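Notes follow the structure.
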């Protein structure tokens with residue numbers, strides 16, 4: 019049962035991720051990203067991370083992607099890309115992708131594979147992944163990191179408003 | 006079987022009980038929807054000094070059956086400009102997201118061997134928000150894939166409306182969650198043994214109801230399907246049972262909002278009488294809130310679009326935030 023759910027989630031997540039970059043129409047790309055996020059939430063559920071799964075759907079599929087869909091639906095519906103990719107990007111893109119792949123490979127090989135020898139969900143401590151557990155981690159054990167991240171987000175939000183406001187004053191397209 | 010997915014719930018039933026429960030909840034709530042439809046038309050008629058449906062069956066009681074029969078016998082038509090796959094799947098997403106939320110509505114505590122609810126999740130109310138978010142894609146895809154201006158504008162309006170009111174809705178429930186000290190709907194109902202949360206959280210209740218009207222696209226927030234401007238909004242190009250699905254999902258959504266309001270603020274299954282009456286009390290409360298939805302529909306005119314946006318962001322959101330702040334201070338102080 020769990021294996022079937024895992025492979026369904028994994029195939030959905032990887033398929034969605036490939037579709038995001040493979041599809042030409044930005045609207046379909048965004049939809050593929052939504053599919054990817056939903057299946058990823060399923061994988062989180064299998065890992066007993068219920069709060070993360072719910073947050074994934076509510077925040078990403080629900081809030082962030084709605085705005086993406088909003089924008090893509092207005093400017094999308096076109097088969098051609100909006101602009102040609104710059105020549106520098108064609109060089110830097112693969113280089114950055116390779117760097118990221120190596121980085122993630124190191125992280126996976128270095129730590130996550132230890133879990134393969136374990137008992138899986140059986141040896142997860144009681145209460146793992148519940149909102150209570152996540153709340154304790156964020157607001158007691160890692161409070162400073164949590165607050166630093168929230169300050170960063172606040173600064174980013176204020177900056178976004180300032181930048182958008184400036185464009186309006188100079189009579190830009192908005 | 007599904008126990009590993011549920012994690013630490015206080016109580017997990019045997020698999021066959023789960024299946025029976027799911028079927029029971031599904032069938033009962035599914036058969037309530039046509040009744041709500043009929044009651045709505047009857048009540049609207051009375052509100053407007055007319056009879057409402059009264060031709061099909063005694064007192065027009067078979068009207069929903071006749072409507073469904075009509076919708077089912079219609080041709081499955083797709084406009085030329087519509088996007089094939091998305092056009093067909095969009096109503097299904099809507100209905101799926103609406104029905105799946107029924108699983109967390111508690112109709113009673115654990116009685117004997119059986120918990121009178123689908124599942125009692127530790128993430129509780131977040132489940133409702135998660136599937137609310139997915140249900141939105143049903144509307145949006147339907148509007149976008151129809152290949153029609155009216156549908157598209159309706160879908161875009163519903164998108165903007167959803168973003169604006171979902172935050173206020175979440176914050177309005179946060180006060181209840183803090184007072185109960187749990188996200189689980191069953192625990193929240195149990196925490197209302199002394200006093201229903203509508204009394205200390207009256208502000209939260211009002212915000213939740215306003216946001217609930219907006220989320221279900223009901224009058225006075227029915228701009229996504231404003232008939233005078235957008236014909237029928239996102240469902241303009243739909244006919245037959247696909248339109249029926251949207252219609253059904255909308256009413257299911259109303260029942261769910263009513264159920265969540267009853268659970269979070271109106272004491273859920275609690276009521277006088279023996280404990281086997283619990284599910285009845287829950288249903289009575291749900292239907293009372295649903296009747297309130299109908300009452301409002303007959304009473305209020307539609308908002309203008311800019312009014313809707315500025316009300317959501319400039320009035321509802323600050324009040325909801327203040328409510329959460331005040332509740333937090335009170336919970337910590339007492």
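Residue numbers (this note's numbering), protein chains in the order written: chain A, 19 to 192; chain B, 6 to 339. Beta carbons are placed, not taken as given, at the ideal position from N, Cα and C, and that holds for glycine. Here the structure is a predicted model, which is why all the values come from computation and not from measurement.
Run the CB neighbour count on residue i, radius 10 Å, all protein chains shown included, and call it buried at 16 or more, exposed below.
| i | result |
| --- | --- |
| residue 312(B) | exposed |
| residue 82(B) | exposed |
| residue 33(B) | exposed |
| residue 193(B) | buried |
| residue 45(B) | buried |
| residue 54(B) | exposed |
| residue 230(B) | buried |
| residue 111(A) | exposed |
| residue 56(B) | exposed |
| residue 111(B) | buried |
| residue 118(A) | exposed |
| residue 280(B) | exposed |
| residue 107(A) | exposed |
| residue 89(B) | exposed |
| residue 171(A) | exposed |
| residue 80(B) | exposed |
| residue 190(A) | Note that residue 190(A) scores 47 on pLDDT, short of 50, meaning its location in the model is unreliable and no value can be drawn from it. |
| residue 114(A) | exposed |
| residue 284(B) | buried |
| residue 213(B) | buried |
If you compare alpha carbons, which of the options is closest to residue i?
| i | options | result |
| --- | --- | --- |
| residue 239(B) | 113(B), 77(B), 96(B) and 178(B) | 96(B) |
| residue 45(A) | 128(A), 122(A), 28(A) and 92(A) | 92(A) |
| residue 207(B) | 129(B), 310(B) and 325(B) | 325(B) |
| residue 127(B) | 21(A), 69(A), 27(A) and 57(A) | 69(A) |
| residue 35(B) | 322(B), 253(B), 296(B) and 327(B) | 253(B) |
| residue 105(B) | 137(B), 322(B), 314(B) and 237(B) | 137(B) |
| residue 49(B) | 59(B), 299(B) and 331(B) | 299(B) |
| residue 291(B) | 320(B), 301(B) and 257(B) | 257(B) |
| residue 33(A) | 43(A), 56(A) and 21(A) | 56(A) |
| residue 118(B) | 277(B), 23(B) and 181(B) | 23(B) |
| residue 331(B) | 180(B), 135(B), 94(B) and 132(B) | 180(B) |
| residue 303(B) | 19(B), 52(B) and 29(B) | 52(B) |
| residue 295(B) | 169(B), 265(B), 142(B) and 247(B) | 265(B) |
| residue 93(B) | 39(B), 319(B) and 144(B) | 144(B) |
| residue 318(B) | 271(B), 226(B) and 173(B) | 173(B) |
| residue 335(B) | 31(B), 58(B), 183(B) and 123(B) | 183(B) |
| residue 249(B) | 43(B), 146(B), 75(B) and 29(B) | 75(B) |
| residue 66(B) | 31(B), 40(B) and 25(B) | 40(B) |
| residue 61(A) | 25(A), 116(A), 52(A) and 90(A) | 25(A) |
Between residue i and chain E, is any beta-carbon pair separated by less than 8 Å?
| i | result |
| --- | --- |
| residue 25(A) | No chain E appears in this structure, whose protein chains are A and B. |
Looking at chain B, is there any beta carbon in it that lies within less than 8 Å of the beta carbon of residue i?
| i | result |
| --- | --- |
| residue 69(A) | yes |
| residue 80(A) | yes |
| residue 183(A) | no |
| residue 175(A) | no |
| residue 160(A) | no |
| residue 91(A) | yes |
| residue 88(A) | yes |
| residue 152(A) | no |
| residue 72(A) | yes |
| residue 122(A) | no |
| residue 22(A) | no |
| residue 76(A) | yes |
| residue 29(A) | no |
Checking contacts by CB at 8 Å: is residue i closer than that to chain A?
| i | result |
| --- | --- |
| residue 314(B) | no |
| residue 3(B) | Nothing about residue 3(B) can be reported from this structure: the residues present for chain B run from 6 to 339 only. |
| residue 330(B) | no |
| residue 334(B) | no |
| residue 111(B) | no |
| residue 323(B) | no |
| residue 142(B) | yes |
| residue 30(B) | no |
| residue 122(B) | no |
| residue 84(B) | no |
Contact check, residue i vs residue j under 8 Å by CB: the rounded distance?
| i | j | result |
| --- | --- | --- |
| residue 286(B) | residue 275(B) | 7 Å |
| residue 209(B) | residue 178(B) | 7 Å |
| residue 87(A) | residue 48(A) | 5 Å |
| residue 139(B) | residue 102(B) | 5 Å |
| residue 121(B) | residue 114(B) | 7 Å |
| residue 216(B) | residue 170(B) | 4 Å |
| residue 31(A) | residue 41(A) | That belief does not hold up - the Cβ atoms of residue 31(A) and residue 41(A) are roughly 16 Å apart, past 8 Å. |
| residue 59(A) | residue 71(A) | 4 Å |
Counting Cβ pairs, one atom from each stretch, are 3 or more of them under 8 Å apart for the region 151-170 of chain B and the region 239-259 of chain B?
yes
So does the region 159-171 of chain B actually touch the region 219-229 of chain B, counting three or more Cβ pairs closer than 8 Å?
yes
Quick one: any contact between the region 177-195 of chain B and the region 290-307 of chain B, if contact means 3 or more CB pairs under 8 Å?
no
Cβ contact (3+ pairs, closer than 8 Å) linking the region 317-332 of chain B and the region 61-78 of chain B:
no
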